[in-house]
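The numbering of the sequence shown is the working numbering, which starts it at 10 and goes up by one. Each residue gets a CB set at the ideal place from its N, CA and C atoms; glycine is no exception. Quick caveat: nothing in here was measured; it's all calculated off a predicted structure. A short worksheet on the structure shown next.
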Amino acid sequence: MALPLWLLDLWDVHYVKAIAIALGSYLAMQLVLWVSEEIFLKIAAKTKMEMDDVIVRRLRWPLALLVFFIGIRIAANVLQFSERANLMISEVANSLIVLGAAWVISRSLNIGMDSFGRKLAQRTKSPVDDGLLHIGHRFVGILFFFLAVTAILKVWGVQVGPLLASLGIAGIAVAFALQNTLGNIFGGVGILLDKSIRIGDTIQLDDGTVGRVTRISLRSTKIRSVNNELVIIPNGRFADSKIVNWSLPDRRLRVDVSFGVKYGSDIEKVKEVIGSLLKKDKEILQDPGPEVVFLRMSDSALDFSARFWISDIDKKVPMKDKATSAIYKALGKHKIEIPFPTRTVYLRKEG
10 MALPLWLLDL WDVHYVKAIA IALGSYLAMQ LVLWVSEEIF LKIAAKTKME
60 MDDVIVRRLR WPLALLVFFI GIRIAANVLQ FSERANLMIS EVANSLIVLG
110 AAWVISRSLN IGMDSFGRKL AQRTKSPVDD GLLHIGHRFV GILFFFLAVT
160 AILKVWGVQV GPLLASLGIA GIAVAFALQN TLGNIFGGVG ILLDKSIRIG
210 DTIQLDDGTV GRVTRISLRS TKIRSVNNEL VIIPNGRFAD SKIVNWSLPD
260 RRLRVDVSFG VKYGSDIEKV KEVIGSLLKK DKEILQDPGP EVVFLRMSDS
310 ALDFSARFWI SDIDKKVPMK DKATSAIYKA LGKHKIEIPF PTRTVYLRKE
360 G
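In structure tokens form, the structure reads like this:
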């Protein structure tokens with residue numbers, strides 16, 4: 010069946026043809042979204058893999074917009090304006106296609122990084138560092154933004170070579186101005202790659218602050234102290250500091266409880282009473298076992314230290330409180346005196 014002559018004449022009108030192509034590209038975009046939502050997502054939901062769901066959800070909009078931009082580019086070719094106007098319309102359409110393609114590729118690489126991170130965690134049986142993935146995502150985003158801008162400049166006829174040379178010279182000056190910031194960034198990457206400090210570890214800073222690492226970002230490391238204070242340290246300074254990681258090689262910790270007894274007390278009896286007390290506590294590890302050490306003979310007491318291991322550093326304060334209270338009661342029960350600080354003063358008689 011042949012089309013009516015008036016419809017063929019109408020189709021020859023460039024504006025009508027361009028509008029029809031633009032509408033068709035919009036419908037194609039909606040079709041991509043509908044197929045992704047109604048078909049691909051339902052198929053992905055039936056599989057045991059989580060990655061296919063992520064791929065469909067995160068790529069549906071970038072792909073749909075890329076299809077729409079390509080349609081707009083085709084529609085722009087149909088229009089017949091002046092040569093300058095047609096060139097500008099084509100450059101705008103090509104720029105949109107470049108942005109859409111960069112978005113699709115960037116999203117795809119981020120999905121691949123997430124998948125690789127999960128597989129690495131399963132193989133090493135350790136959690137994936139969220140901070141490292143965050144830095145990777147930011148790097149990919151910045152890289153493809155730069156590439157997209159470079160491609161768009163070429164589309165518009167801008168000479169990229171001299172511009173990049175100028176940016177290189179300016180970049181050196183900026184690098185000197187931002188050397189502390191760059192030091193923080195490289196410090197953060199080094200911390201994450203070294204794996205000596207991880208998110209969730211309990212650490213002690215060189216100023217004595219103890220807390221748990223909550224986040225390692227591009228610029229800084231955040232620590233939640235035992236007093237619920239948020240401590241923020243620039244990564245450059247953090248990487249150069251002396252840090253004690255209580256969580257490595259594991260979360261076990263030795264606790265020392267110092268106490269003193271009166272001069273004349275039976276040393277072996279003190280060790281036996283306190284050692285037996287520590288061995289009966291189920292929260293104290295028996296491998297390595299607890300020990301009672303005679304430290305010194307001080308001015309007014311015989312000083313001892315009760316040393317034992319616990320399974321988790323988070324138990325340090327309550328276990329030290331429990332052990333100190335139990336030692337005090339045990340000494341009193343067995344008539345072992347705890348001395349007061351005393352001082353003997355001799356008065357010299359004259360005459």
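Problem - Rounded straight-line distance, which links the Cα of Leu304 to that of Tyr272 - result: 14 Å
Problem - Among Leu108, Tyr337, Lys329 and Leu75, nearest to Ile161 - alpha-carbon criterion - result: Leu108
Exercise for the section: Please confirm if the region 240-260 is in contact with the region 296-311, defined as three or more CB-CB distances below 8 Å between the two stretches. Expected result: no
Practice task
Flag this pair as yes or no: are the beta carbons of Ile322 and Leu262 separated by less than 7 Å?
Solution key: yes
Problem - Arg147, buried or exposed, once every other Cβ within 10 Å from all chains shown has been counted against 16 - result: exposed
Practice task
Check Glu300 in the structure and name its three-state DSSP category.
Solution key: strand
Exercise for the section: Put Lys55 into one of helix, strand or coil per three-state DSSP. Expected result: coil
Problem - Straight-line Cα distance separating Ser205 from Leu311 - result: 40 Å
Problem - CA-to-CA distance, Glu238 to Ile208, given in whole angstroms - result: 17 Å
Problem - Cβ-Cβ distance between Ile106 and Phe77 below 7 Å - result: no
Practice task
List the endpoints of the continuous alpha helix (DSSP H) containing Pro71.
Solution key: Met60 to Val87
Problem - Proximity below 7 Å, CB of Ala85 to CB of Met38 - result: no
Exercise for the section: Report yes or no: do the region 320-336 and the region 281-290 share at least 3 C-beta pairs separated by less than 8 Å? Expected result: yes
Exercise for the section: May I ask you to report which of helix, strand or coil DSSP gives Asn119? Expected result: helix
Practice task
Report the option in Lys51, Lys251, Leu75 and Gly80 whose CA atom is closest to the CA atom of Arg66.
Solution key: Lys51
Practice task
Report the residue ranges of all beta strand (DSSP E) runs contained in full by the region 281-360; include only those spanning at least 3 residues, in chain order.
Solution key: 300-306 and 311-319
Exercise for the section: Can you have a look at Thr133 and say buried or exposed, based on whether 16 or more other CB atoms are within 10 angstroms of its CB? Expected result: Note on Thr133: pLDDT 46, under 50, position unreliable in the model; the coordinate value appears next. Burial call: exposed.
Exercise for the section: Measure the alpha-carbon distance for Thr218 versus Phe317 and round it to whole angstroms. Expected result: 23 Å
Practice task
Reducing DSSP to helix, strand and coil, say where Leu227 ends up.
Solution key: coil
Problem - Own chain partners of Val276 with C-beta closer than 8 Å, once the 5 adjacent residues on each side are dropped - result: Per the sequence shown, the amino acid found at residue 276 is Ile instead of Val. Result list for Ile276: Phe303 and Leu311, in chain order.
Practice task
Drop a sphere of 10 angstroms on the beta-carbon of Ser234, count the other beta-carbons inside from all chains shown, and report buried for 16 or more, exposed for fewer.
Solution key: exposed
Practice task
Note down the Cα distance separating His343 from Met306, rounded to an integer number of angstroms.
Solution key: 21 Å
Exercise for the section: Spatial neighbours of Arg93 within its chain, please: CB distance less than 8 Å, with the 5 preceding and 5 following residues excluded, ordered by chain position. Expected result: none
Problem - Met328 classed as buried or exposed, judged by whether at least 16 other C-beta atoms fall within 10 angstroms - result: buried
Exercise for the section: Output yes or no for whether 7 Å exceeds the beta carbon distance between Leu88 and Ala27. Expected result: yes
Exercise for the section: State the start and end residues of the unbroken alpha helix (DSSP H) segment that holds Gly245. Expected result: Asn244 to Asp249
Handout entry: Local Cβ density within 10 Å of Phe247, reported as buried at 16 or more and exposed below that
Key = buried
Practice task
Per DSSP, which residues does Ile232 bridge with? Please list them.
Solution key: Val222 and Val240
Exercise for the section: Go through its chain and collect everything with a Cβ distance to Ser115's Cβ below 7 Å, but skip five positions before and after it. Expected result: Val149, Gly150 and Phe153
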